[in-house]
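Enquirer:
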Amino acid sequence: MGKPRGGKPRGGKPRFVVISPLTALMHDQVAYLNNNGVPAIAIGDVEEPDIIQQVQNGTYVVVYGSPWYLLSTTTWRGLFDVPSFKKMLIGVAIDEAHCIVQWGLQGAKKVPFRKWHGCLGELNSMFPRKLP
């Protein structure tokens, strides 16, 4: 099933991933989207099988997660290898991207404040090249 003009995939709900370092911000944005009819979820410590299955099946159009959850856990990292999820994925956004250098990369003799922010470049190998 190809993509029609405009980039929206055919055959199901499109999915969008937002990577955010701030849990409170994720929950605020998820509440706003859900209140406006856009199914959204913030994933985190919870790895309940039903939640994982709902995310894979496209119950949620927008999926929020922190760099740590999405890159360090095999469950959530593996989500990006599920063909049905990848097929419907239309974009990935990094919220608070201006913090990556300050929080995630090592300075002179410093340990990064949030190590996984410095690993966000790994996303390039996990998603199709044409993904915005």
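In case it helps, UniProt numbering puts the sequence shown at residues 1 to 132.
Ideal placement from N, C-alpha and C gives every residue a C-beta, glycine not left out.
All values derive from a computational prediction rather than experimental measurement.
With a threshold of 16 other CB atoms inside 10 Å of the CB of Tyr69, please say whether the residue is buried or exposed.
Expert: Burial call: buried.
Enquirer: Determine the closest residue to Val62 out of Thr23, Pro21, Gln56 and Val38, with distance taken between C-alpha atoms.
Expert: Nearest option by C-alpha distance: Val38.
Enquirer: Strictly by DSSP, which residues pair up with Leu89?
Expert: Note: Leu89 sits in a beta bridge opposite Arg15.
Enquirer: Quick check on this structure: which residue in Leu79, Pro21, Val92 and Tyr64 has the alpha carbon closest to the alpha carbon of Ile52?
Expert: The option with the nearest alpha carbon to Ile52 is Leu79.
Enquirer: DSSP three-state label for Tyr64, please.
Expert: Tyr64: strand per DSSP, three-state reduction.
Enquirer: With burial defined as no fewer than 16 other Cβ atoms inside 10 Å of the residue's Cβ, what is the status of Tyr60: buried or exposed?
Expert: The residue in question, Tyr60, is buried, as its Cβ has 16 or more Cβ neighbours within 10 Å.
Enquirer: Excluding five sequence neighbours on each side, which residues of the same chain lie with their C-beta closer than 6 Å to the C-beta of Arg5?
Expert: Note that Arg5 scores a pLDDT of 34, beneath 50, so its modelled location is shaky; the value from the coordinates is reported in the next line. So no residue of the chain qualifies.
Enquirer: Apart from the five residues just before and just after Trp76, which ones in its own chain have a Cβ nearer than 7 Å to its Cβ?
Expert: Excluding positions up to five away in sequence, the list reads Ile43, Gly65, Tyr69 and Leu70.
Enquirer: Mapping the DSSP letters down to three states, classify Ile51 as helix, strand or coil.
Expert: Ile51 falls in the helix class under three-state DSSP.
Enquirer: May I have the straight-line CA-CA distance separating Thr94 from Leu22, to the nearest angstrom?
Expert: The sequence given here places Ile at residue 94; Thr does not occur at that position. Approximately 11 Å between the Cα atoms of the pair.
Enquirer: Just to confirm, is the Cβ distance from Val92 to Gln56 under 8 Å?
Expert: In this structure, Gln56 does not lie closer than 8 Å to Val92 by Cβ.
Enquirer: Contact defined as beta carbons within less than 8 Å: I believe Leu89 pairs with Val17. What is the distance between those atoms, to the nearest angstrom?
Expert: Confirmed, about 7 Å.
Enquirer: Would you mind reading off the limits of the alpha helix (DSSP H) that contains Gly78?
Expert: Thr74 to Leu79 is the extent of the alpha helix (DSSP H) around Gly78.
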